[in-house]
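Asker: Once you've had a glance at the structure underneath, I'll fire off some questions.
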Amino acid sequence: RGKLLEAEDNMNCQMSDITCTYRDGRTAQLENVFVRGSKIRFLILPDMLKNAPMFKKVQGKGGGAGRGKSAILRAQAARGRGRGGAGGRGGGGGRGGNVFQRRH
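Going letter by letter, the sequence shown gives residues 1 to 104 in full-length UniProt numbering.
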């Protein structure tokens, strides 16, 4: 329990004025703590943040591509990238192209 000073996009957190409760019930007071994001199992935030303006959905321009890996894959599929098809050098498909293609 404490004050959240900074939270990065990979969930690395810096906190201050920490009360740490151990499994056996003992508590300890800590001034500053840094927690690696991959070690965080859950995080409890105040209910009042539910209505905070920073969590409102942003209406972007464009076709709703969004963010993240799935948005990148959707954009690449729309441009015709990836394996297969008749693109790139040689005009064959991916991974070796057409094996029975005539050579000139």
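Idealized CB from N, CA, C, for every residue including glycine.
For a quick check, are the C-beta atoms of residue 15 and residue 4 less than 8 Å apart?
Answerer: The answer is yes: Cβ separation under 8 Å.
Asker: In the DSSP output, what is residue 28 paired with across the bridge?
Answerer: Bridge partners of residue 28: 20.
Asker: Considering Cα atoms alone, identify which of 33, 34, 19 is closest to residue 27.
Answerer: Selected option, being the one with the closest Cα: 19.
Asker: Along the beta strand (DSSP E) that carries residue 7, what are the first and last residues, could you check?
Answerer: Taken as a continuous stretch (DSSP letters only), the beta strand (DSSP E) holding residue 7 covers 3-7.
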